[in-house]
Structures are given as C-alpha cells and as structure tokens.
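The sequence shown runs 25 to 568 under the working numbering. Let me begin by presenting the structure, written as structure tokens, before commenting on it.
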Amino acid sequence: MRKFLAIALLALSPGIFAHAQTPSEKPKLVVGIIVDQMRQEYLYRFADRYTEGGFKRMMKEGFMMTNGHYNYAPTVTGPGHTSVYTGTTPATHGIISNSWYDRKFNKYIYCAEDSTVTNVGGTPENGQISPRNLLTTTVTDELRFATGKRSKVVGIAIKDRGASLPAGHTGDAYWYDDANGDFMTSTYYYETLPQWVADFNAKKVPDSYLSQTWETLFPLDSYVNSIDDNNDFEGVFIGKESPTFPYQLDSLRGQNGGYGLIASTPYGNSMTLDFALAAIEGEKLGQRGVTDFLAVSFSSPDYIGHRFGPASVEVEDNYLRLDREFERMFNYLDKAYGKGQYLVFLSADHAVADVATYMVSENVPAGNINTNYIFGQISGYCNAKYGQGDWILKYTGDQVFLNRTLAEEKNVDFVAMQRDLANFMLRFNGIKEVYTAEDMRTQQFTYGRAHLLQMGYNHKASGDLLLVFEPAWMVGGARGTTHGSPYNYDTNVPILFFGWGVKAGSSSRKASITDIAPTVSALLKIKYPNAADGEPIFEIVDGK
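So, in structure tokens, the structure goes:
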C-alpha cells in the first residue's frame, strides 16, 4: 500500500515535467523545509544509513552552516517557525510562545488563533486559524509583494501554526484536522476548499497509513546509535505495555487519538509530503513564469521526539524514514523542474533536550522540576510578606505573571517585589537564574542566556519573572522530554541551503536562524521582511 500511494501521487500530467539544466534567472520554486524538533547532530549520527538522495545529497551538493543556532528563548514551535520566516525574534514579531497569557483579557492566546474566521473543510474546533497575531511580514509575504502577488505561497503542516505562520499574511495555508483526517484551511484564506484539496481528502490517505504497522526499517539490534528499545524513559501508547516495536496502528488508533495518531508516527511525514506534492500539482507551482514558494513543516518528529526522546530507536528510525521521504521529494522536484532550477532550505523550529531521568541514570546532573510545589511555596511567601491575595496569576512558558493590580492596591513596590521573588526562587533545585521584567526593559544584554531571553521578551505580552533552569533540567515527568531552553541542545539546528544558485560547501561560523529569511531575500533580490534584523549568509549569497 505504501508503494502504491507513492506511485499514485507521482502519476502527474506530462506537462509539469521539465528537463532543462541551465540555471534560470530565478528559481522556479523555493521550498522551505522546517523539521519540527531536529538537532544538528542528527545529520551525522544516523548518516551511515541515510540514502545518497536525501540528507546526504543536501550536505554534499548544498551549503551548510554547521554551527547554526536560535538566538532567543523560548525555543518552541510557534516562535521558531515565525523567526525563520521573518528574520527576527519574538521580541519584535510578537509570537512569543505557542500560547501566552493575556493580562488584559485574563485568558490564554494561542499563537495562530483568530476568532473572526471559521473552518473551511475539517471541523469547527480546528478552524479558527490565521496569522493575525504575527506583527511583521515574512519572506513569503515579500515575495508576493515583489511580484505583484503573481507568486503563489502555500504553507503545509500537520500543525496549524506550522502552516499558517510561514505562509505569512498573504499566502495560503493548509493543516491537518486530527478529528476527521482531512487537510483543511479557514475563511481567512478561502470560502471553499480548492478542488485539489477536496480530491486529496477523498483518497483517505491517513486511513491507508494507519492500517499499517510501524516496524523498524532495519533489524532492531542494528540500531546501535540508540538505547535499548525497552526502557523506563520513553512514553507508552495506551494499549501497549512497553514503548517497543512493533506498533500496530490499526489497533492503537482507537485509544490514542484516532486520526491524530498518525502525527506520532513516521507516516505523518509521508502524508505531509503526499499533500505537498499534490499542492505543487494542484496549484501548478513553479510553472507560471514566476517564482513560487512552498513552505512545508514536518511535524511528526516533534510528536515522536517528545514521547520517546532523542536517544530512542523510534527517533532514529523516524529520521531514517524521513531521509527517504526527502529523497522522494528531491527526485520529484528534479523531474518536475530540472536539477538546479529550484531552491531549498532546511532548518528546524528547535532541537530537544535528553530525557532527564535517562541522564540521571547515566550519572549526568539533571532532573525534573516540580512547579506545583515551587509556586505553592512562592504563594505562601507572598502572603506572609505582602498580605493575603492571589499574587501569582499564571506560570507558563517558564515565565511567571504576577498580580500587578493587587500590588498597586496594597501599595507594594512592584519592581522591588520582582527582585525579591527572583532571589527567593533561586533557593529551589533546578532553577539556575531568574530575570525580572524590569531587567528586560531597562538593561541591554549583549551575550549569554540573558541576551537570549531578552530577544524573546515582548514588552507588552511577556511575564514578570523569566526562569532559566540548570542544564538538563526541565518541567516534566519520568518519561519523555521537551524543549524551550536557551542551551545549545535546544538551539543548535540545521541551516542548510541546496539547489538553485547554491555552491557546495560548509562553514563552522556561528549563524542564526534569523539569517535564513534575509539569505532567501538576497538570493531572490527582493526586499527583506520588514522587521528582519538577521544578516544574509555571505558564504551562500556571495558564492552564487
């Protein structure tokens, strides 16, 4: 069935295929690839079993910045995708987390939410999505403006934020509805689904994948770059007794999210690519005499990584399979446009921490932080020192929101209170540093963790206390892992360009993910996103 799907989705009309090898004045198509939760080291750690046509081809024929990093914290999905495409950080573009607390309305705001729109296709609960919370333009917006909106932009992901934010304010976006297994959009983009999307949904591709069993590509005992398959550090699917292969998806789906289960398997990547290729055909991308842009985010590595952790067989097998999907993609693009006629960049929205309990088992200093206990202690301290009241409004995204109104009512010096509580919190194991909103507003930090926090700090929306945990510490339980810290295990991600106008090579010079959008802009000779503060990667631009 897997082979049948690949053949069926590649059986396209003859008119699309081109064979010219002479580089054009501009690429026919730009493909921006974000792998959700990818460490730079995965390019090396699993390389002995990568194909020649996937990651290896990109590294051999493209240009890689081997020391690419996020230049802010928190390192999470919404800000990550946005920063890559805007060329600036959350302090400027406004997407400060996946969700954040809004003091004015006393509620959480989801980064891609928009109550003014409704679903088109899919289900209503997954349809109130748009880029309205994004405060700046993206490189995809600027491409549209540079061509009088003749260029098409299509954003695709399982996660709605992974599709809508890269597509910018002027592109189209499609995401996966885990309630019914369809790809959908919202009335921000369309009133009805384009026919090609409806046709794809009619094929019931998720059902085909979810009828399969996820087994390792190679014999299980050959996964020597991972820990034992059966261990105490990985999350277990409901209906299984251990986190071990094989995974019979048809029997697991009923208790593990139904159609949503596909996101936690490598088949989520396969389905995403299937839909991306259908978008190329349906929108005739790169076939209309103008550069088009396909922004694809592969969400499944994040779901798999959170559950199993970066040392797992599941993560290794996922990347071996993703490599083969990239080979399928590049073979398709070669046939459709010709080698050297399309431009690709690859990055990630963040990397990931090792499972804390696994690190402890290996005698590495690490741990899980009990925030309920900590904030119980802080509340008691505040009540004793400042008087009774709800002093802690919210804790989210490693930030504490204090009750400013209550402080004013009780004539408490709010700046002094921030500093007092920051010092108080340092007594707890796992908390390394605490910075105050006053620090972020009045000081200029030029390096280190404080600088990364400041680049993620938004004066209107961020919290009053910003926490940095000790290395390898996190908020979580005994199994699985997360990301979000300013440490290099969360910030070091691929920055890799390949294809049109890119000469082969690599550099260990430190580069930032906010350099990606200016580099694309420079290659295409279009205006930078309007608030971009990254720099074009000169090794790539000058090597053209």
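Every residue gets a Cβ at the ideal spot worked out from N, C-alpha and C, and that includes glycine.
Chain-order list of residues whose beta-carbon lies under 7 Å from that of Gln45 (same chain, five-residue window excluded): Locating residue 45 in the sequence shown gives position 21, where the first residue counts as 1. Caution applies to Gln45, whose pLDDT of 47 falls short of 50 and renders its modelled position unreliable; the value that the coordinates give is listed next. Correct list, in chain order: Gly362, Lys363, Gly364.
As assigned by DSSP and simplified to three states, the class of Leu276: Working through the sequence shown from its first residue, we reach residue 276 at position 252. Helix.
Per DSSP, the bridge partner or partners of Glu457: Stepping through the sequence shown from its first residue, residue 457 is reached at position 433. Bridge partners of Glu457: Val492.
DSSP-derived helix/strand/coil call for Val379: Your numbering for residue 379 matches position 355 in the sequence shown. If DSSP states are grouped into helix, strand and coil, Val379 belongs with coil.
C-alpha gap between Leu548 and Gly118, whole angstroms: As a first step, residue 548 is located in the sequence shown; it is residue number 524 there, counting from the start. As a first step, residue 118 is located in the sequence shown; it is residue number 94 there, counting from the start. When rounded, the separation of the alpha-carbon atoms in Leu548 and Gly118 is 26 Å.
CA nearest to the CA of Gly504, picked from Met208, Gly413, Pro334: What you label residue 504 is simply residue 480 of the sequence shown in a count that begins at 1. Comparing Cα-Cα distances from Gly504 to each of Met208, Gly413, Pro334, the minimum goes to Pro334.
Rounded straight-line distance, which links the Cα of Ser154 to that of Glu137: Position 113 of the sequence shown holds residue 137. Position 130 of the sequence shown holds residue 154. So the two alpha carbons sit approximately 6 Å from each other.
Complete runs of the beta strand (DSSP E) confined to the stretch 153-194 [at least 3 residues]: List check, beta strand (DSSP E) in window: 177-181.
Reduced DSSP category for Gln45 - H, G, I as helix; E, B as strand; rest coil: As a first step, residue 45 is located in the sequence shown; it is residue number 21 there, counting from the start. With a pLDDT of 47 at Gln45, under the threshold of 50, the predicted position of this residue should be treated as unreliable, and no value is reported.
Chain-order list of residues whose beta-carbon lies under 6 Å from that of Met449 (same chain, five-residue window excluded): If you number the sequence shown from 1, residue 449 lands on position 425. Shown here for Met449: same chain residues with a beta carbon closer than 6 Å to its own, the five before and five after excluded, namely Ile455, Val458 in chain order.
4-residue-minimum alpha helix (DSSP H) runs that sit fully inside the stretch 205-273, ordered along the chain: Note on the stretch 205-273: whole alpha helix (DSSP H) runs with a minimum of 4 residues are 219-226, 229-234, in chain order.
Lys534, DSSP secondary structure in three states: Indexing the sequence shown from 1 puts residue 534 at position 510. DSSP places Lys534 in strand when its eight states are reduced to three.
Touch test, the stretch 366-373 against the stretch 100-107, Cβ-Cβ under 8 Å, three pairs minimum: Touching, yes.
Euclidean distance between Cα positions of Thr142 and Asp341: If you number the sequence shown from 1, residue 142 lands on position 118. If you number the sequence shown from 1, residue 341 lands on position 317. Computed Cα separation, rounded: 37 Å.
Continuous beta strand (DSSP E) stretch holding Met88: start and end: Locating residue 88 in the sequence shown gives position 64, counting from the first residue. Counted as a single uninterrupted DSSP element, the beta strand (DSSP E) harbouring Met88 occupies residues 87-93.
Alpha carbon of Ile561 to alpha carbon of Ser288, nearest angstrom: Residue numbering aside, residue 561 sits at position 537 when the sequence shown is read from its first letter. Residue numbering aside, residue 288 sits at position 264 when the sequence shown is read from its first letter. Cα-Cα distance, rounded: 34 Å.
Beta-carbon contacts of Leu426 that lie in its chain and below 6 Å, excluding the five residues immediately before and after: Mapped onto the sequence shown, residue 426 falls at position 402. Once the five neighbours on either side are set aside, the close Cβ partners of Leu426 are Asp488.
Contact between the stretch 123-135 and the stretch 66-76 (3+ Cβ pairs under 8 Å): The stretch 123-135 is not in contact with the stretch 66-76.
Option nearest Tyr419 by Cα separation, candidates Asn394, Met441, Val177: On the sequence shown, residue 419 is found 395 positions in, with the first residue counted as 1. Across the set Asn394, Met441, Val177, the C-alpha of Asn394 shows the shortest separation from the C-alpha of Tyr419.
Reference Phe522; option with closest CA among Lys80, Arg63, Gly411, Glu49: Here residue 522 refers to the residue found at position 498 of the sequence shown. Residue Lys80 is the option with its Cα nearest to Phe522.
Exposure label - Phe129; buried when at least 16 CB within 10 Å: Within the sequence shown, residue 129 is the residue found at index 105, counting from 1. Burial call: exposed.
Start and end residues, beta strand (DSSP E) containing Thr420: Taking the first residue of the sequence shown as 1, we reach residue 420 at position 396. Where Thr420 is concerned, the enclosing beta strand (DSSP E) stretches over 416-420.
Range of the contiguous alpha helix (DSSP H) that encloses Ser403: Within the sequence shown, the letter at position 379 stands for residue 403. Start and end: 395-410.
Best match in Phe332, Ala303, Asp274 for proximity to Asn254 [C-alpha to C-alpha]: Here the question's residue 254 lines up with position 230 in the sequence shown. Nearest C-alpha to Asn254: Phe332.
Among Val144, Ser121, Asn280, nearest to Ile133 - alpha-carbon criterion: The sequence position of residue 133 within the sequence shown is 109, counting from 1. When C-alpha distances from Ile133 are compared across Val144, Ser121, Asn280, the shortest belongs to Ser121.
Element boundaries [beta strand (DSSP E), containing Ser123]: By 1-based counting over the sequence shown, the position of residue 123 is 99. Boundaries of the beta strand (DSSP E) around Ser123: 123-126.
contact_flag[the stretch 226-240, the stretch 308-328] where n(CB pairs < 8 Å) is 3 or more: When Cβ pairs closer than 8 Å are counted between the two stretches, the stretch 226-240 is seen not to touch the stretch 308-328, the count staying below three.
At least three beta-carbon pairs within less than 8 Å, the stretch 279-299 to the stretch 144-164: At 8 Å Cβ cutoff, the stretches do not touch.
Cα-Cα separation, Ser246 to Leu491: Along the sequence shown, read from residue 1 onward, the residue named residue 246 stands at position 222. Along the sequence shown, read from residue 1 onward, the residue named residue 491 stands at position 467. A straight line joining the alpha-carbon of Ser246 with that of Leu491 spans about 41 Å.
Segment limits, beta strand (DSSP E) that includes Ala319: By 1-based counting over the sequence shown, the position of residue 319 is 295. For Ala319, the enclosing beta strand (DSSP E) covers residues 316-322.
Cβ-based neighbour list, Pro270, same chain, cut-off 7 Å, excluding 5 preceding and 5 following: Taking the sequence shown and counting its residues from 1, the one referred to as residue 270 is at position 246. Same-chain partners within the cutoff: Thr237, Trp238, Glu239.
Anticipated Cβ contact below 8 Å, Thr543 with Ile564, distance rounded: Translated into positions along the sequence shown, residue 543 becomes position 519. Translated into positions along the sequence shown, residue 564 becomes position 540. Going by Cβ atoms, the distance from Thr543 to Ile564 rounds to 6 Å, so yes, they are a contact pair.
Beta-carbon proximity list for Val144, same chain, < 8 Å, skipping 5 on both sides: Against the sequence shown, residue 144 aligns to sequence position 120. Within its own chain, the residues whose Cβ lies closer than 8 Å to the Cβ of Val144, once the five positions on either side in sequence are excluded, are Gly151, Met208, Thr209, Ser210, Thr211, Tyr213, Tyr214, Glu215, Thr216, Leu217, listed in chain order.
Residue range of the unbroken alpha helix (DSSP H) whose run includes Tyr356: The residue given as residue 356 occupies position 332 in the sequence shown. Here the alpha helix (DSSP H) through Tyr356 covers 337-361.
Cβ-based burial, Ile31 [other Cβ within 10 Å; buried from 16]: As a position in the sequence shown, residue 31 is number 7, starting the count at 1. With a pLDDT of 42 at Ile31, under the threshold of 50, the predicted position of this residue should be treated as unreliable, and no value is reported.
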